[in-house]
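Note sheet for the following structure.
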Amino acid sequence: MRTAFIESICELASRDPRIWLLAGDLGFSVLEKFAERFPDRFLNVGIAEQNMTGVATGLAVSGNIVFTYSIANFPTLRCLEQIRNDVCYHRANVKIVAVGGGFTYGSSGYSHHGLEDLSILSGLPEMTVLAPGDPHEARLAVEAIVRRDGPCYLRLGKAGEPFVHATPPKFEIGRAIQVRDGNDATLISTGGMLTRAIDSHEKLRARGIEARVLSMHTVKPLDEAAVLCAAEQTGAIVTLEEHNCRGGLGSAVADVLAQAGIGVPFGKVAVPDRFFSKAGSQSHFQLLLGDPIELVVRLLSRNKVDKAPSQKGLAA
Amino acid sequence: MRITDSRELAKRVRTCALRMVHASKASHIGSCLSATDILAVLYARVLRIDSSRPGWPDRDRFILSKGHAAAMLYAVLAQQGFFPVEWLDDYCRDGSPLTGHATVCVPGVDVSTGSLGHGLPIACGMALAAKHKSQTPSRVFCLMGDGECDEGSVWEAALFAPQHKLDNLVAIVDCNRLQGFGETRQVAELEPIVDKWRAFRWAVRDIDGHDLPTIEDTLAAVPFEPGRPSVIVARTVKGKGVSYMEDQLAWHYRSPNAEQLAQALDEVEHAA
Chain E
23 MRTAFIESIC ELASRDPRIW LLAGDLGFSV LEKFAERFPD RFLNVGIAEQ NMTGVATGLA
83 VSGNIVFTYS IANFPTLRCL EQIRNDVCYH RANVKIVAVG GGFTYGSSGY SHHGLEDLSI
143 LSGLPEMTVL APGDPHEARL AVEAIVRRDG PCYLRLGKAG EPFVHATPPK FEIGRAIQVR
203 DGNDATLIST GGMLTRAIDS HEKLRARGIE ARVLSMHTVK PLDEAAVLCA AEQTGAIVTL
263 EEHNCRGGLG SAVADVLAQA GIGVPFGKVA VPDRFFSKAG SQSHFQLLLG DPIELVVRLL
323 SRNKVDKAPS QKGLAA
Chain U
281 MRITDSRELA KRVRTCALRM VHASKASHIG SCLSATDILA VLYARVLRID SSRPGWPDRD
341 RFILSKGHAA AMLYAVLAQQ GFFPVEWLDD YCRDGSPLTG HATVCVPGVD VSTGSLGHGL
401 PIACGMALAA KHKSQTPSRV FCLMGDGECD EGSVWEAALF APQHKLDNLV AIVDCNRLQG
461 FGETRQVAEL EPIVDKWRAF RWAVRDIDGH DLPTIEDTLA AVPFEPGRPS VIVARTVKGK
521 GVSYMEDQLA WHYRSPNAEQ LAQALDEVEH AA
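Written out as structure tokens, the structure reads:
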């Protein structure tokens with residue numbers, strides 16, 4: 023996803039002279055492409071994220087489109103008040119990019135786990151929050167946030183994620199992408215958990231359960247229609263996220279369901295409310311979040327009366 | 281009609297700010313009065329701005345990083361024609377855009393502030409943008425408090441500005457030696473503050489922040505050195521202009537009652 027980001031931003035910057043990239047002293051072997059092609063629009067601002075965000079705001083309100091870039095929590099939590107008061111309150115065209123979301127840097131330890139960003143950034147008015155599911159979505163997300171006026175947050179993985187989509191899908195901020203069809207249950211995932219959702223779909227199929235898979239690349243604004251559709255047409259909903267269980271994708275989806283008064287069995291695969299103090303790869307941690315398949319099966323077994331499992335409905 | 285007499289503008293701003301803070305029972309009058317003379321010179325004699333075109337792209341920018349001194353900023357903007365003076369009566373009232381910390385919802389305000397330490401980084405970004413568009417002569421002025429220099433983000437920006445040769449950037453530090461809950465020397469001694477800014481590679485001038493001709497001569501000399509940002513350390517008195525407020529921590533918070541207001545207005549009116 024990181025490669026998709028840098029290729030996309032270089033292409034966009036070659037056509038739009040307003041695009042700047044500010045990095046917080048990171049980007050070795052990644053950002054050189056941009057820095058070499060556009061030296062007067064690239065800044066290594068140093069290990070100073072509050073200043074990075076303020077400088078980005080000043081550049082943006084002067085008519086530019088400014089990306090800030092760092093790892094995990096550094097471009098967000100370290101300078102959250104700047105994001106709130108400077109970026110969001112001024113509706114500034116600042117696009118905050120965090121590579122290494124979730125457990126991408128799992129073995130680096132807790133300081134490098136990005137697990138609260140989606141809920142915290144979603145809490146800010148004027149902020150659009152995106153966590154693309156694969157490199158195709160990542161590239162399209164970069165293009166979309168450049169077109170979109172105002173503050174955006176983009177959570178990326180690192181490098182080497184598998185392409186889930188065979189070809190670039192139709193991408194629209196706020197519209198979930200249905201990646202697999204199915205009407206027995208729905209798996210809604212955001213960010214890097216998409217591959218886990220696809221894997222779960224296959225394992226559920228082997229057990230005779232057809233699970234719809236939605237890539238909810240935009241956490242805010244959430245595709246509420248897709249959620250409600252899934253609730254009406256399928257027998258259970260499970261959300262998947264590499265994010266704390268409080269306030270992320272699962273909470274956003276539950277909010278929609280509760281307010282709509284739809285009583286569909288619902289569960290979350292998310293990071294429990296505790297620290298992880300041991301090293302581990304991303305996949306190691308993803309497995310620690312719980313088993314989506316068993317969760318779906320358990321939720322469906324609650325479903326005594328309502329939906330016929332093989333009922334075909336309208337596509338999302 | 282833009283007022284070009286600094287002394288007259290300063291008197292009007294002090295008068296308005298005192299009335300506003302009294303009427304709304306707001307805080308921060310002491311913080312306003314220490315910086316009024318600087319602000320008056322800026323808006324009467326220095327800033328290239330146009331009240332009929334607050335969004336003029338080539339204008340000078342002014343950031344009140346010590347955003348709690350909003351009353352004086354609103355007063356100066358009203359006096360210089362950015363919006364009707366009557367709006368000042370609604371300062372901090374229900375539904376009024378004139379909130380207690382400076383906000384861009386008010387015509388003429390370039391940046392919303394209120395949490396300290398935010399202004400200088402934004403000023404750096406604006407200065408960088410102006411330099412990038414080399415045709416624009418815009419300068420960026422950022423007024424901070426001395427207590428505000430406790431915030432680390434100020435020093436992040438202080439490292440950044442000379443690195444990028446932002447000689448169209450002018451920081452002004454209102455050194456009134458008092459902060460929120462003590463004297464600056466009791467809380468976190470900033471002296472030698474001039475040496476600090478010089479060590480951060482800024483060009484520094486140390487002046488009396490209430491001497492109008494000196495303020496004007498100093499601002500006329502920016503940039504003090506080509507290729508470097510400029511900083512003016514302005515030695516001021518908190519509450520300047522009202523005898524019972526001068527150098528008193530309490531007047532960071534208190535609002536003058538009717539009797540105190542009358543005395544204050546009288547002193548301001550008859551100041552030398």
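Chains as they are written, first to last, in this note's numbering: chain E, 23 to 338; chain U, 281 to 552.
We put the CB at the ideal spot given by N, CA and C, even for glycine.
Closer than 8 Å at the beta carbon, the chain E residues around residue i
i: F440 of chain U; result: V67, G68, A70, N73, V77
i: M406 of chain U; result: G80, L81, V83, S84
i: I512 of chain U; result: Correct list: empty, because the minimum Cβ distance to chain E is about 20 Å.
i: S345 of chain U; result: Neighbours of S345 of chain U on chain E: none; closest Cβ ~10 Å, over 8 Å.
i: V502 of chain U; result: Within chain E, no residue comes near V502 of chain U; the closest Cβ sits about 18 Å away, beyond 8 Å.
i: M384 of chain U; result: The sequence as given places Val at residue 384 of chain U; Met does not occur at that position. Simply H112.
i: A409 of chain U; result: G80, L81, S84, G85, N86
Contact set for residue i: own chain, Cβ-Cβ below 6 Å, skip 5 residues either direction
i: P154 of chain E; result: A160, A163, H239
i: A35 of chain E; result: I41, F60
i: A198 of chain E; result: L236, M238, D245, A248
i: A355 of chain U; result: V293, C296, A297
i: E496 of chain U; result: V321, R325
i: A438 of chain U; result: F480
Spatial neighbours of residue i in its chain, beta-carbon cut-off 8 Å, leaving aside the 5 residues before and after
i: S332 of chain E; result: Unreliable positioning characterises S332 of chain E in this predicted model, as indicated by a pLDDT of 48, which lies under 50. The coordinate reading is nonetheless provided below. Hits under 8 Å: N205, D206, E232.
i: L336 of chain E; result: Its pLDDT being 42, under 50, L336 of chain E is placed unreliably in this model, and the value from its coordinates should be taken loosely. Excluding sequence neighbours, L336 of chain E sits near C251, Q255.
i: R170 of chain E; result: T150, I195
i: K291 of chain U; result: V548, E549, A551
i: R373 of chain U; result: S304
i: K334 of chain E; result: Any reading at K334 of chain E needs caution, since the residue's pLDDT is 44, under 50, leaving its predicted position unreliable; the model's value is listed next. Closer than 8 Å at Cβ, skipping near neighbours: N205.
Those residues which DSSP pairs with residue i across a bridge
i: F504 of chain U; result: F504 of chain U is not bridged to any residue.
i: K242 of chain E; result: E:V151
i: V235 of chain E; result: E:R202, E:L209
i: L43 of chain E; result: E:F64, E:F89
i: N266 of chain E; result: E:V293
i: F288 of chain E; result: E:I259
i: D486 of chain U; result: U:V513
i: R177 of chain E; result: E:A120
Within chain E, partners of residue i - CB distance below 7 Å
i: E436 of chain U; result: A70, Q72, N73
i: S395 of chain U; result: E103, N107
i: G403 of chain U; result: It is Ala, not Gly, that sits at residue 403 of chain U in the sequence shown. What A403 of chain U touches in chain E: G80.
i: S535 of chain U; result: What S535 of chain U touches in chain E: nothing, since even the nearest Cβ is about 25 Å away.
Whole-Å CB distance - residue i paired with residue j, under 8 Å assumed
i: V88 of chain E; j: L48 of chain E; result: Incorrect: roughly 16 Å between the Cβ atoms, too far for contact.
i: T516 of chain U; j: H490 of chain U; result: 6 Å
i: V293 of chain E; j: E264 of chain E; result: 7 Å
i: H381 of chain U; j: H348 of chain U; result: 6 Å
i: A219 of chain E; j: L262 of chain E; result: 5 Å
i: G361 of chain U; j: R282 of chain U; result: 6 Å
i: S433 of chain U; j: G397 of chain U; result: 4 Å
i: K518 of chain U; j: G310 of chain U; result: 4 Å
i: T383 of chain U; j: S395 of chain U; result: About 13 Å separates the two Cβ atoms, so there is no contact after all.
i: L309 of chain E; j: V291 of chain E; result: At roughly 10 Å, the Cβ-Cβ gap does not stay under 8 Å, so L309 of chain E and V291 of chain E are not in contact.
i: L53 of chain E; j: I28 of chain E; result: 7 Å
i: V260 of chain E; j: G289 of chain E; result: 5 Å
Beta-carbon proximity list for residue i, same chain, < 7 Å, skipping 5 on both sides
i: D338 of chain U; result: T416, P417, S418
i: V327 of chain E; result: Confidence is the limiting factor: at V327 of chain E the pLDDT is only 49, short of 50, which leaves the residue's position unreliable and the question unanswerable from this model.
i: H112 of chain E; result: T79, V83
i: R328 of chain U; result: R339, D340
i: T284 of chain U; result: A324, R325
i: I352 of chain U; result: Here residue 352 of chain U turns out to be Met, not Ile, going by the sequence shown. So the qualifying residues of the chain are V293, A297, C312, A315, T316, L319.
Interface residues of chain E facing residue i [CB-CB closer than 9 Å]
i: S392 of chain U; result: N107, D108, Y111, H112
i: P334 of chain U; result: What P334 of chain U touches in chain E: nothing, since even the nearest Cβ is about 13 Å away.
i: S376 of chain U; result: What S376 of chain U touches in chain E: nothing, since even the nearest Cβ is about 18 Å away.
Listed by chain order, chain U residues near residue i by CB distance under 7 Å
i: Q104 of chain E; result: H398
i: D38 of chain E; result: The premise fails here: D38 of chain E is roughly 14 Å from chain U at the closest Cβ pair, so nothing lies under 7 Å.
Chain-ordered chain U contacts of residue i [CB-CB under 9 Å]
i: G62 of chain E; result: Checking the sequence shown, residue 62 of chain E turns out to be Asp, not Gly. What D62 of chain E touches in chain U: H412.
Interface flag, residue i vs chain A, CB-CB below 8 Å
i: P364 of chain U; result: Among the chains of the structure shown, chain A does not appear; the protein chains present are E and U.
Quiz item: What are the uninterrupted segments assigned as beta strand (DSSP E) that are 3 or more residues long and contained completely in the stretch 298-343 of chain U, given in chain order?
Solution: none
Quiz item: Along the chain, which unbroken stretches of the alpha helix (DSSP H) at least 4 residues long are found entirely within the stretch 398-464 of chain U?
Solution: 399-412, 432-443
Practice problem: Just list the alpha helix (DSSP H) runs in the stretch 118-153 of chain E, keeping only unbroken ones of 4 residues or longer that don't cross its boundaries, in chain order. | Solution: 139-144
Exercise. Report the residue ranges of all alpha helix (DSSP H) runs contained in full by the stretch 300-324 of chain E; include only those spanning at least 4 residues, in chain order.
Key: 304-310, 314-323
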